[in-house]
Amino acid sequence: MNFRNFYLSVCLILLTTAIQANEEHTAEKPSEQAQQLENTSSASFGQEPVFLIGVNLGYDFVVAGYQLDYAKAGFATDDVLMSSLSGGIAAEFRPWQRLGLQAGYTFGSTSATATSGAVTTNISMYSWQDVQLGAIIPIYRTSVGSENQNTFEIYAGGGVVFTSLDFTSDFKDLLSRSATSQGILLIFRNESATGTGFYFKTGANVFIHEFLYLQADIELKFQKAIFPGATQDLNGTHLGWRLGAGFYF
122 MNFRNFYLSV CLILLTTAIQ ANEEHTAEKP SEQAQQLENT SSASFGQEPV FLIGVNLGYD
182 FVVAGYQLDY AKAGFATDDV LMSSLSGGIA AEFRPWQRLG LQAGYTFGST SATATSGAVT
242 TNISMYSWQD VQLGAIIPIY RTSVGSENQN TFEIYAGGGV VFTSLDFTSD FKDLLSRSAT
302 SQGILLIFRN ESATGTGFYF KTGANVFIHE FLYLQADIEL KFQKAIFPGA TQDLNGTHLG
362 WRLGAGFYF
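Structure, rendered in structure tokens:
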């Protein structure tokens with residue numbers, strides 16, 4: 122399955138839905154529109170549930186863990202940056218005013234880069250897919266805009282994450298060389314691995330035009346990667362940011 126094509130299809134669906142919702146909104150009678158503006162705060166953010174769905178782009182890097190011997194793999198230095206570019210889709214349901222339930226799917230590609238003087242070494246390590254299940258707590262909310270029609274919100278939350286990894290031959294070679302230098306034997310029986318962990322995040326939403334929202338957050342993820350047929354698992358701590366947009370009702 123081509124996940125990038127899936128991601129683009131989701132973006133197209135969201136864009137089409139937003140355009141249709143905007144056309145319906147602008148076609149309403151002035152009295153009905155005024156009544157909706159009057160009730161937006163209580164209906165959307167009061168006792169009534171809120172459902173959000175959107176897409177996001179992100180950047181992650183490893184801040185701890187994955188103790189590998191990069192020198193054995195041909196790197197000029199062990200000061201290596203492992204980073205990922207990612208895209209995803211997330212949905213949130215708020216059955217209560219101060220608590221939301223969240224689920225997300227994210228995919229990305231991780232590479233390792235090291236610079237020593239004028240020499241830069243880079244390898245593609247693995248592609249990955251995350252499924253996140255967690256909770257979101259709105260901790261601050263205020264009205265913004267010229268007529269206080271928009272809502273700014275700060276939130277925090279966390280949950281569990283399940284990961285699937287498909288690693289490259291270069292990364293497999295790096296792991297094998299690193300393990301051998303530490304007296305550990307790694308035997309790979311396939312080209313993939315699984316992982317579990319948990320995450321914490323904090324960020325902000327801006328709800329605009331009664332059905333659109335913009336989002337930015339920072340996420341800290343603790344993950345354990347399990348490699349089938351290997352005698353060593355890898356633990357890593359990831360820090361990343363996300364920028365997203367979507368619609369709510």
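In short: position in the sequence shown from 1, add 121, done, that's this note's numbering. All residues carry an ideal CB built from backbone N, CA and C; glycine is no exception. Predicted model only: the values in this text are computed from it and were never measured.
- Taking 8 angstroms as the upper bound for CB-CB distance, F319 and V281 are in contact here, some 5 angstroms apart.
- For T231, the number of other beta carbons within 10 angstroms of its own is at least 16, and it is reported as buried.
- With respect to the 7 angstroms criterion, V240 and H359 are not classified as neighbours on the basis of their beta carbons.
- Taking one beta carbon from each stretch, the stretch 283 to 294 and the stretch 213 to 223 have fewer than 3 pairs nearer than 8 angstroms; the two do not touch.
- In the three-state reduction of the DSSP assignment, F370 falls in the coil class.
- Contact check for G278 against I258 passes: the beta carbons are separated by less than 7 angstroms.
- Secondary structure remark: continuous beta strand (DSSP E) runs of at least 3 residues inside the stretch 212 to 296, in chain order: 220 to 237, 240 to 265, 271 to 288.
- Ranked by Cα distance from F273, the first of M203, L333, F321, E340 is L333.
- In the three-state reduction of the DSSP assignment, H359 falls in the strand class, which pools E and B.
- The C-beta distance from F172 to F370 rounds to 6 angstroms, short enough to fall under 8 angstroms.
- Contact check for G229 against L206 passes: the beta carbons are separated by less than 7 angstroms.
- The beta-carbon separation of T323 and Y276, rounded to 7 angstroms, stays under the 8 angstroms limit for a contact.
- Straight-line measurement puts the Cα of R262 at about 22 angstroms from the Cα of N177.
- Separation of L364 and A325 (C-alpha to C-alpha, rounded to the nearest whole angstrom) is 10 angstroms.
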